[in-house]
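Oh and the sequence shown: position 9 is 9 in UniProt numbering, straight run, nothing missing.
Every residue gets a Cβ at the ideal spot worked out from N, C-alpha and C, and that includes glycine.
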Amino acid sequence: MGFFKKLDRASGLIGSMAETLHADLGQGLAEGRITGQDMRNAVMACMGCEGSGECANWLSDHAAGAGDTPDYCRNRAMLHRLRAD
């Protein structure tokens, strides 16, 4: 898979994971709780993860929402900071 396809896939997985956890990435950016650099780092971390296929399956299984990320999620801490209380 080429670089830009991996980039697109990782961005999609992060967005889907955020939705599943009820974490608002846009609001986090607007409020300054995360930065553009944080988002770039999150995408790069996701791109480097070998569990993207497993992640996609996990997201499919948790389409109604989830209280936590899978244990292997490299963006767990950031996503938890952005969760709605």
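Item                                                                                  : Value
Cα-Cα separation, residue 22 to residue 32                                            : 18 Å
CB of residue 15 within 8 Å of CB of residue 25, strictly                             : yes
Residue 64, enclosing alpha helix (DSSP H) - first and last residue                   : Element bounds for residue 64: n/a, residue is neither H nor E.
8 Å Cβ shell around residue 59 - same chain, five flanking residues per side excluded : 13, 16, 17, 20
CA-to-CA distance, residue 77 to residue 62, given in whole angstroms                 : 19 Å
Check: residue 82 C-beta below 7 Å from any heavy atom of the ligand PLP              : Judged by which ligands are present, the structure shown has none, so any question about the ligand PLP falls away.
Where residue 84 sits in the DSSP three-state scheme                                  : coil
Reference residue 75, options 65, 27, 2, 48, closest by Cα                            : 48
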